[in-house]
Amino acid sequence: MEFLQNTWYFAAWGADIEPGKLFARTLLGKPLVFFRPSGGAVVALDDRCAHRAAPLSMGRLDGDRVVCGYHGLEFDGSGACVRNPHPSGRIPAAARVRSYPVVERHTGLWIWLGDEAADPALIPDFSKLDDTGPSVTRRDHMVMDAAYDLIVDNLLDCSHTSFLHEGILGNQPMIAAPTEVRQSGRTLNVIRTARNVPPPGMFDMLFRQDGAPVDCWTDFRWDPPSCLLLDVGVTPPGRPKEEGTGYFGTHILTPETERTTHYQFAATRWNIRAGSETEEMRQKISDLRRFAFEEQDEPMIRAQQRIIDLTPPHELKRVLLETDAGVVHWRRIIDEMIAAERRPSERLAVGA
Ligand code: FES
Ligand SMILES: [Fe+2]
Numbered sequence: 000m001e002f003l004q005n006t007w008y009f010a011a012w013g014a015d016i017e018p019g020k021l022f023a024r025t026l027l028g029k030p031l032v033f034f035r036p037s038g039g040a041v042v043a044l045d046d047r048c049a050h051r052a053a054p055l056s057m058g059r060l061d062g063d064r065v066v067c068g069y070h071g072l073e074f075d076g077s078g079a080c081v082r083n084p085h086p087s088g089r090i091p092a093a094a095r096v097r098s099y100p101v102v103e104r105h106t107g108l109w110i111w112l113g114d115e116a117a118d119p120a121l122i123p124d125f126s127k128l129d130d131t132g133p134s135v136t137r138r139d140h141m142v143m144d145a146a147y148d149l150i151v152d153n154l155l156d157c158s159h160t161s162f163l164h165e166g167i168l169g170n171q172p173m174i175a176a177p178t179e180v181r182q183s184g185r186t187l188n189v190i191r192t193a194r195n196v197p198p199p200g201m202f203d204m205l206f207r208q209d210g211a212p213v214d215c216w217t218d219f220r221w222d223p224p225s226c227l228l229l230d231v232g233v234t235p236p237g238r239p240k241e242e243g244t245g246y247f248g249t250h251i252l253t254p255e256t257e258r259t260t261h262y263q264f265a266a267t268r269w270n271i272r273a274g275s276e277t278e279e280m281r282q283k284i285s286d287l288r289r290f291a292f293e294e295q296d297e298p299m300i301r302a303q304q305r306i307i308d309l310t311p312p313h314e315l316k317r318v319l320l321e322t323d324a325g326v327v328h329w330r331r332i333i334d335e336m337i338a339a340e341r342r343p344s345e346r347l348a349v350g351a
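The numbering of the sequence shown is numbering that gives the first Met the number 0, which starts it at 0 and goes up by one.
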């Protein structure tokens with residue numbers, strides 16, 4: 000599988016990188032080590048010592064330097080070797096590790112792994128996460144045992160909620176919702192609105208808790224490569240959204256390897272109903288969403304991945320349904336962007 004390189008990937012939540020500690024994570028098959036120098040921006044380096052390829056994350060931090068745990072070479076935040084503890088003290092010219100641009104924004108760390116200049120203006124807008132108060136659920140993370148593209152497919156085809164998450168996030172009457180796709184540059188919105196349907200369990204809990212019919216919408220925004228923001232909510236039938244309640248669900252995917260994916264998620268609630276602004280409810284929503292992704296989506300997508308891997312390519316059928324409109328669009332855009340990376344002169348034209 001080929002990944003888009005010249006783009007921002009979500010590396011971790013900012014809070015994951017604790018002062019004085021090394022943090023290891025593999026992204027796009029590349030082992031990386033992160034740390035937070037005193038008073039400085041988070042640093043990301045190849046987690047591979049320039050001497051004998053030991054992971055630097057198995058060493059320790061000494062101030063703002065990483066000390067390799069194997070033979071003690073020391074590297075600064077730029078990746079330069081700044082100390083050889085052995086008798087000559089000589090530092091070979093090649094003794095450096097690659098460092099990568101990192102921007103801390105919207106409580107997350109965004110990393111640029113490509114060779115082109117990194118432009119922070121290209122980081123998608125996740126300002127819904129800027130609120131550090133109780134309206135945002137737990138900033139969560141899990142690793143899914145599947146390629147990232149199958150998970151984007153899962154998110155951009157919300158019709159699955161009526162089956163895989165029946166009762167919690169969807170129900171049978173919601174199947175009738177049409178799927179609409181809007182594209183603006185390289186940003187997609189995949190929109191479904193189910194009218195006058197029983198409220199799915201999660202939303203009944205957040206809204207009136209009486210099971211009375213609602214209009215329920217899902218509007219999934221996708222930005223390359225795999226950054227998704229879901230505007231989801233319920234309102235009384237025929238009434239404006241503002242009379243209802245809902246949340247902005249953050250779903251940001253970063254390939255760990257070709258067959259495993261970091262899944263970062265949180266939800267920012269709005270129009271929080273009286274009585275449901277409690278910490279207990281916040282935990283409940285956090286747990287329920289994690290349950291849906293970990294116990295319902297992940298086993299299905301993992302099993303789907305296994306079947307795909309066991310099937311000869313010529314036998315793989317990809318029948319399209321009308322609910323696949325978003326899936327077709329995002330795949331077309333990302334394929335064009337990846338192809339353009341192989342043809343640098345066309346890079347700027349894609350999706351413009
Ligand atoms: S492997 Fe790092 S100093 Fe030897
Ligand atoms: Fe799902």
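C-beta: ideal position from N, C-alpha, C; glycine also. These numbers were taken from a predicted model, which means no experiment stands behind them.
| query | result |
| --- | --- |
| Could you tell me whether any non-hydrogen atom of ligand 1 is closer than 7 Å to the CB of Leu71? | First, the amino acid is wrong: residue 71 is Gly here, not Leu. For ligand 1, at least one heavy atom lies less than 7 Å from the Cβ of Gly71. |
| Kindly list the residues whose CB is nearer than 7 Å to the CB of Glu179, restricted to its own chain and excluding five residues on each side of it in sequence; keep chain order. | Ile190 |
| Quick check: the Cα distance between Gln295 and Asp152, rounded to an integer number of angstroms? | 15 Å |
| Quick one: Cα of Arg268 to Cα of Ala49, how far? | 46 Å |
| Does ligand 2 have a heavy atom nearer than 7 Å to the CB of Asp156? | no |
| With distances taken between CB atoms, is the gap from Val231 to Val213 smaller than 8 Å? | no |
| With distances taken between CB atoms, is the gap from Asp144 to Glu297 smaller than 8 Å? | yes |
| Between the alpha carbons of Gly210 and Asp203, how many angstroms are there, rounded? | 6 Å |
| Under 8 Å by Cβ, that's how I've got Gly78 and Ser98 pegged, so tell me the actual separation to the nearest angstrom. | 4 Å |
| Whole angstroms is fine: what's the gap from Ser56's alpha carbon to Pro254's? | 20 Å |
| Can you name the residues that DSSP bridges to His70? | His70 is not bridged to any residue. |
| Pick out whichever of Asp63, Leu44 and Gln282 has its Cα sitting closest to the Cα of Pro133. | Gln282 |
| With respect to the beta strand (DSSP E) encompassing Arg102, which residues constitute its N-terminal and C-terminal limits? | Before going further, note that residue 102 is Val rather than Arg in the sequence given. Element bounds for Val102: Val101 to Arg104. |
| Give the straight-line distance between the Cα atoms of Gln372 and Asp75, rounded to the nearest whole angstrom. | Outside the modelled stretch of the chain, which goes from 0 to 351, sits residue 372, for which no answer is possible. |
| Could you have a look at Asn153 and say whether DSSP puts it in helix, strand or coil? | helix |
| Nearest by alpha-carbon distance to Phe125: which of Trp12, Glu314, Pro172 and Met299 is it? | Trp12 |
| What does DSSP give as the partner residue(s) for Ile190 in the beta ladder? | Glu179 and Asp218 |
| Checking 8 Å against the spacing of the C-beta atoms, do Trp329 and Trp221 come in under that value? | yes |
| Take Ile174 and list the residues in its own chain whose beta-carbon comes closer than 7 Å to its own, dropping the five residues that flank it on each side. | Ser158 and Ser161 |
| Could you tell me if the beta carbon of Arg51 falls within a distance shorter than 7 Å of some heavy atom in ligand 1? | yes |
| Tell me which residues share the same chain as Leu168 and place their Cβ nearer than 7 Å to its Cβ, disregarding the 5 neighbours each side in the sequence. | Thr160, Pro199, Met201 and Ala291 |
| How about Thr249 and Leu128: do their beta carbons lie closer than 8 Å? | yes |
| Output the distance between the C-alpha atoms of Glu340 and Arg95, rounded to the nearest integer angstrom. | 27 Å |
| Just verifying my parser: in three-state terms, what is the DSSP assignment at Thr136? | coil |
| Helix, strand or coil: how does DSSP classify Leu108 here? | strand |
| Which residue comes first and which comes last in the alpha helix (DSSP H) that contains Gly325? | Ala324 to Arg341 |
| Quick test of your reading: Glu257 and Ala146, contact by CB under 8 Å. State the CB separation rounded to the nearest angstrom. | 6 Å |
| Where does Asp286 sit, in a helix, a strand or coil, going by DSSP? | helix |
| How about Cys355: is its Cβ closer than 7 Å to a heavy atom in ligand 1? | In the structure as shown, the chain starts at 0 and stops at 351, and residue 355 therefore has no counterpart that could be examined. |
| Run through DSSP, which three-state label would Thr260 get? | strand |
| Taking buried to mean at least 16 other C-beta atoms within 10 Å of its own C-beta, is Met336 buried or exposed? | buried |
| Following a CB-centred definition, is Asp286 positioned closer than 7 Å to any heavy atom of ligand 2? | no |
| Just to check my reading of the structure: Leu3 and Ile333 have Cβ atoms closer than 8 Å, yes? What is that Cβ distance to the nearest angstrom? | 6 Å |
| Is it buried or exposed for Gly274, if we count other Cβ within 10 angstroms and need 16 for buried? | exposed |
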